[in-house]
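Undergrad:
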Amino acid sequence: MDKSFKRLNSFSEIIDKYESFIFDCDGTLWSASKKYEEAFKTLELLKSKGKKIYFLTNATHRSRKEYQQKLKRFGFETGIEYIYNASYLAVSYIKLVYPEIKKIYIIGMKPPVDDALELGLQVVGGPDHNNKFIESDEDFLHIPVEDDIDGVLVAFDFGFNYYKLAYASLCIQKGAKLFATNEDAFDNIGQYNLPRAGCALKALEKATQKTAIILGKPNAFGMETLKAQHDLDLSKTVMIGDNIDTDILFGINCGIDTVLVLTGVSNEDTLKKQMEKEKPIFPTYVCRNLE
Numbered sequence: 061m062d063k064s065f066k067r068l069n070s071f072s073e074i075i076d077k078y079e080s081f082i083f084d085c086d087g088t089l090w091s092a093s094k095k096y097e098e099a100f101k102t103l104e105l106l107k108s109k110g111k112k113i114y115f116l117t118n119a120t121h122r123s124r125k126e127y128q129q130k131l132k133r134f135g136f137e138t139g140i141e142y143i144y145n146a147s148y149l150a151v152s153y154i155k156l157v158y159p160e161i162k163k164i165y166i167i168g169m170k171p172p173v174d175d176a177l178e179l180g181l182q183v184v185g186g187p188d189h190n191n192k193f194i195e196s197d198e199d200f201l202h203i204p205v206e207d208d209i210d211g212v213l214v215a216f217d218f219g220f221n222y223y224k225l226a227y228a229s230l231c232i233q234k235g236a237k238l239f240a241t242n243e244d245a246f247d248n249i250g251q252y253n254l255p256r257a258g259c260a261l262k263a264l265e266k267a268t269q270k271t272a273i274i275l276g277k278p279n280a281f282g283m284e285t286l287k288a289q290h291d292l293d294l295s296k297t298v299m300i301g302d303n304i305d306t307d308i309l310f311g312i313n314c315g316i317d318t319v320l321v322l323t324g325v326s327n328e329d330t331l332k333k334q335m336e337k338e339k340p341i342f343p344t345y346v347c348r349n350l351e
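Using our numbering, the first residue of the sequence shown is number 61, and each one after it goes up by one.
In structure tokens:
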């Protein structure tokens, strides 16, 4: 197994090799309200050495500003221009690549709605549909779907319900394109796995027989945005995260080195299962944590 990647005794072993460090957040820097002390000591060390530090998360239930505030609350200050979440990247992608899309239906919370509105899209759904429901086939046929919805964006949503699933499916059946911020199945919270956006997405894909365009990690569009805004040298950039299927694959898709930390969804069993796959995904380095 060790032949496929290098194990680090300490994250500090590679600090001098890179200029830019892109960090995932949940499972890498913290777990819910639990701060990983060693991770924040490393952030301060990188900052003291003049390294460029960026944060790239697939989570969409917090805005970029809220992530900035959480980092500050845990003791690390940074500008909002160094923080990217999947909803901001998704809406940016839709605006850039699909300029004909003017109105979207969102399965998601307030942050993706705000991002879409800020970038000039009209929005239906989001928290406004949290308390709506249907109870019969007849109710389904009379859902007041707006005919000019061009796209559906699926993000993580604590308020996800059957009405949102039905409404989104009707939009897609009427011709709207299907997008998703990510297809993460879960995040590790304490000793349990919290279902994430991928669960709602799979239900919608099953209902419509359509496959979503995934716009967060591992889609390389996030790197295109970072490069355009910060002039990164990819040969001196490294991605750090806890998820092989998102963080590490994102780095591979972008052509940069990667570090897998075993503080979140991935562990030694995850690595063993990768070895058994026909096309395994391996990081450049594996490190127990960010100490």
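We treat Cβ as the ideally placed atom computed from N, Cα and C, and that holds for glycine.
Just tell me which of Ala99, Thr88 and Ser93 has its CA closest to the CA of Ser72.
TA: Ala99
Undergrad: Go to Met283, then tell me how far its beta strand (DSSP E) extends in each direction, as first and last residue.
TA: Where Met283 is concerned, there is no enclosing beta strand (DSSP E), although the alpha helix (DSSP H) it sits in stretches over Phe281 to His290.
Undergrad: Flag this pair as yes or no: are the beta carbons of Tyr163 and Leu149 separated by less than 8 Å?
TA: Correcting the residue identity first, residue 163 is Lys in this sequence and not Tyr. It is not a contact, given that the beta carbons lie outside the stated cut-off.
Undergrad: Could you check if Arg133 is buried or exposed, using at least 16 other CB atoms within 10 Å of its CB as the buried criterion?
TA: Classification for Arg133: exposed.
Undergrad: Can you tell me where the alpha helix (DSSP H) holding Asn313 begins and where it ends?
TA: Leu309 to Cys314
Undergrad: Is the beta carbon of Leu261 less than 8 Å from the beta carbon of Ser229?
TA: no
Undergrad: Using a 10 Å radius around the Cβ and a threshold of 16 neighbouring Cβ atoms, would you call Ser256 buried or exposed?
TA: It is worth fixing the name first, because residue 256 is Arg in this sequence and not Ser. Per the 10 Å Cβ criterion, buried.
Undergrad: Are there 16 or more other CB atoms within 10 angstroms of the CB of Tyr140, so buried, or fewer, so exposed?
TA: It should be pointed out that residue 140 corresponds to Ile in this sequence rather than to Tyr. Looking at its Cβ environment, which holds fewer than 16 other Cβ atoms inside 10 Å, Ile140 is exposed.
Undergrad: Grab me the residues of Trp90's own chain with a C-beta within less than 6 Å of its C-beta, minus the 5 sequence neighbours each way, in chain order.
TA: For Trp90, where only same-chain residues beyond five positions count, the Cβ hits under 6 Å are Tyr96.
Undergrad: Compute the distance between the beta-carbons of Ser147 and Tyr114, then report whether it is under 8 Å.
TA: Tyr114 is positioned such that its CB atom lies no closer than 8 Å to that of Ser147.
Undergrad: Give me the Cα-Cα distance between Gly168 and Arg124, rounded to the nearest whole angstrom.
TA: In this model, Gly168 and Arg124 are separated by some 15 Å (Cα to Cα).
Undergrad: If you run the structure through DSSP and keep just helix, strand and coil, what is Thr330?
TA: For Thr330, the secondary structure class from DSSP, reduced to helix, strand or coil, is helix.
Undergrad: Just the C-alpha distance for Asn313 and Ala280, rounded to the nearest angstrom, thanks.
TA: 6 Å
Undergrad: Are Thr318 and Pro343 close, meaning C-beta to C-beta below 8 Å?
TA: yes
Undergrad: Shortest alpha-carbon distance to Gly324 belongs to which of Gln289, Ile300 and Leu225?
TA: Nearest option by C-alpha distance: Ile300.
Undergrad: When the Cα of Lys111 is compared with those of Gly87, Phe83, Tyr222 and Thr88, which residue comes out closest?
TA: Phe83
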